[in-house]
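First up is the structure itself, then whatever we jot down about it.
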Amino acid sequence: MDRQAYSSRILQEFVTSGLAVSAANVCTNPIDVVKVRMQLQTLQLASDGTRLVAPNLLRTGVTMVQTEGYAALMSGVSATVARGLFYGGLRLGMYGPLKTAMGADTDPTALKKIAAGSASGAIATFITNPIELLKTRLQSNSAMAPLQVLQKIVRENGVSGLWKGTMPSAVRGTLLTASQCATYDDTKRMWMQTTGWRDGLGTHVGVSMITGLAATTITAPVDVVKTHMYCGGSKYSGPLACAADIARREGLRGFFKGWTANYARLGPQTTLMFVFMEHMRQATGMKAL
């Protein structure tokens, strides 16, 4: 493959991945907002020394609508679109070329696929962390505008504050991309061999739902730590201090707070993402995932 063709292929990978992730993220943004609010409830209530039982997914969403209006469910949607285009485009767009470069297509184990997903997830997270930070802050407070949030972060923590929470976010990005891509790859192959189904919509939906379940469970603890660090400002010196504080106040269950909301978002989001991506790749003449 010549240099121009290779560059064109990389661009196609980036664009189709970014558009697919953005479309899926917009569809599931309301659930993502509720998930963030659920994860932060103990953090917000701890100032008066109380320990209240966190409301469930439905009750949290209803309370938000009653107090802030329906628009609150789309808090941070502009950052969500930007995150999907750049973060989604990079982490999934790099996976295919890295997987091929590592020889994962001919490796009977999933180790090289996991390595390719881990690398692409970590790189994409570091580059786009300011967008993720902005999105989470906007979702935690629907009254603020994007520029106000950015100014507040820089004023309180300097420009380096835009990379607050990069470590847990990078760990999450690594686990998310590796679990999504490697699980989807191998599950799709086994699904088609077992069921005899063709590489079509039914296969894409079924495999994506399994992938979403695996990804949600694997990333839940670091997702909670990431959210607390993004919204806790300078409260925590690092991810380990944040994790220790969560464990002290809430125990092991604290690391899975918002799991239902997270799966309610990540399950459909993963399904929509891979379905959109498969069809976009087909429409542009690219090979299936």
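Mapping the sequence shown onto full-length UniProt numbering, position 183 (from 1) lands on 183, and the numbers just tick up by one.
Every residue gets a Cβ at the ideal spot worked out from N, C-alpha and C, and that includes glycine.
Alpha carbon to alpha carbon, how far is N141 from residue 297? Give it in angstroms, no decimals.
-> With the chain represented from 1 up to 289, any question about residue 297 goes unanswered, as that position is not in the structure.
Can you grab the Cα-Cα spacing for the pair P30 / Y184, in whole Å?
-> As a working note, residue 30 is residue 30 in the sequence shown. As a working note, residue 184 is residue 184 in the sequence shown. Roughly 25 Å separates the two Cα atoms.
Straight-line CA distance for Q66 to R253?
-> Taking the sequence shown and counting its residues from 1, the one referred to as residue 66 is at position 66. Taking the sequence shown and counting its residues from 1, the one referred to as residue 253 is at position 253. The straight-line gap from Cα to Cα measures roughly 28 Å.
Give the range of the alpha helix (DSSP H) segment to which L85 is assigned.
-> Walking along the sequence shown from the start, residue 85 turns up at place 85. Segment: none, L85 is in no alpha helix (DSSP H) and carries neither H nor E.
Beta carbon of A115, beta carbon of M94: below 8 Å?
-> As a working mapping, residue 115 is identified with position 115 in the sequence shown. As a working mapping, residue 94 is identified with position 94 in the sequence shown. No, they are not a contact pair.
Close beta carbons around D105, own chain, < 7 Å, minus the five adjacent residues each side | Mapped onto the sequence shown, residue 105 falls at position 105. If we look at D105 and ignore the five residues flanking it on each side, its Cβ neighbours are K99.
From T217, V34 and G238, pick the residue whose C-alpha is nearest to that of F255; which is it?
-> Here residue 255 is taken as the residue at index 255 of the sequence shown, counted from 1. Nearest C-alpha to F255: T217.
Let me know the alpha helix (DSSP H) ranges lying completely inside the region 101-170, each 4 residues or longer, listed in chain order.
-> 111-140 and 146-157
Pull up the CB-CB distance for T284 and Q4, whole angstroms please, since I reckon it's below 8 Å.
-> Locating residue 284 in the sequence shown gives position 284, where the first residue counts as 1. Locating residue 4 in the sequence shown gives position 4, where the first residue counts as 1. That pair is no contact at about 17 Å.
Whether A24 touches Q269 by CB criterion (8 Å) | Locating residue 24 in the sequence shown gives position 24, where the first residue counts as 1. Locating residue 269 in the sequence shown gives position 269, where the first residue counts as 1. Taking 8 Å as the Cβ cut-off, A24 and Q269 qualify as a contacting pair.
Cβ neighbour criterion (16 or more within 10 Å) applied to M273 | Mapped onto the sequence shown, residue 273 falls at position 273. Looking at its Cβ environment, which holds 16 or more other Cβ atoms inside 10 Å, M273 is buried.
Are V275 and H228 touching if we call contact CB-CB under 8 Å?
-> As a first step, residue 275 must be located in the sequence shown, where it is residue number 275. As a first step, residue 228 must be located in the sequence shown, where it is residue number 228. No. Outside cutoff.
For D199, name the three-state secondary structure that DSSP assigns.
-> The residue you call residue 199 lines up with position 199 of the sequence shown. In this structure, D199 counts as coil in the three-state DSSP scheme.
Provide the residue span of the alpha helix (DSSP H) that contains L252, from first to last.
-> Within the sequence shown, numbered from 1, the residue matching residue 252 stands at position 252. In this chain, L252 is not harboured by any alpha helix (DSSP H), its DSSP state being neither H nor E.
Would you say K152 and L133 are within 8 Å of each other, going by their C-beta atoms?
-> For the purposes of this step, residue 152 is taken as the residue at position 152 of the sequence shown. For the purposes of this step, residue 133 is taken as the residue at position 133 of the sequence shown. It is not a contact, given that the beta carbons lie outside the stated cut-off.
Beta-carbon contacts of C242 that lie in its chain and below 6 Å, excluding the five residues immediately before and after | By 1-based counting over the sequence shown, the position of residue 242 is 242. V225, H228, M229 and Y236, listed in sequence order.
T128 and R83 look like a contact to me (Cβ under 8 Å); what is the Cβ gap, rounded to whole Å?
-> On the sequence shown, residue 128 is found 128 positions in, with the first residue counted as 1. On the sequence shown, residue 83 is found 83 positions in, with the first residue counted as 1. Correct: roughly 7 Å between the Cβ atoms.
Report the option in S22, A20 and C27 whose CA atom is closest to the CA atom of R265.
-> Reading the sequence shown from its first residue, position 265 is the one you call residue 265. Comparing Cα-Cα distances from R265 to each of S22, A20 and C27, the minimum goes to C27.
Label V62 either buried or exposed according to how many other C-beta atoms from any shown protein chain fall within 10 Å of its C-beta, with 16 as the threshold for buried.
-> The sequence position of residue 62 within the sequence shown is 62, counting from 1. With fewer than 16 other Cβ atoms from the protein chains shown falling within 10 Å of its own Cβ, V62 counts as exposed.
Does the ligand COA have even one heavy atom less than 7 Å from the beta-carbon of G232?
-> Of the ligands one can find in the structure shown there are none, so the ligand COA has no counterpart to examine.
Sequence-distant residues of its chain with Cβ nearer than 8 Å to L213 (five each side left out) = Position 213 of the sequence shown, counting from 1, holds the residue named residue 213. Annotation for L213: Y263 and G267 place their beta carbon closer than 8 Å to its own, counting only its chain and skipping 5 residues before and after.
Coarse secondary structure for G76, derived from DSSP in three states | Position 76 of the sequence shown, counted from the first residue, corresponds to residue 76. Here G76 sits in coil by DSSP.
Excluding the 5 residues preceding and the 5 following G258 in the sequence, name in chain order all residues of the same chain whose CB lies nearer than 6 Å to its CB.
-> Numbered from its first residue, the sequence shown carries residue 258 at position 258. So the qualifying residues of the chain are K35, M38 and Q39.
Is it buried or exposed for Y87, if we count other Cβ within 10 angstroms and need 16 for buried?
-> Counted from its first residue, the sequence shown places residue 87 at position 87. Y87 is buried by the Cβ-count criterion.
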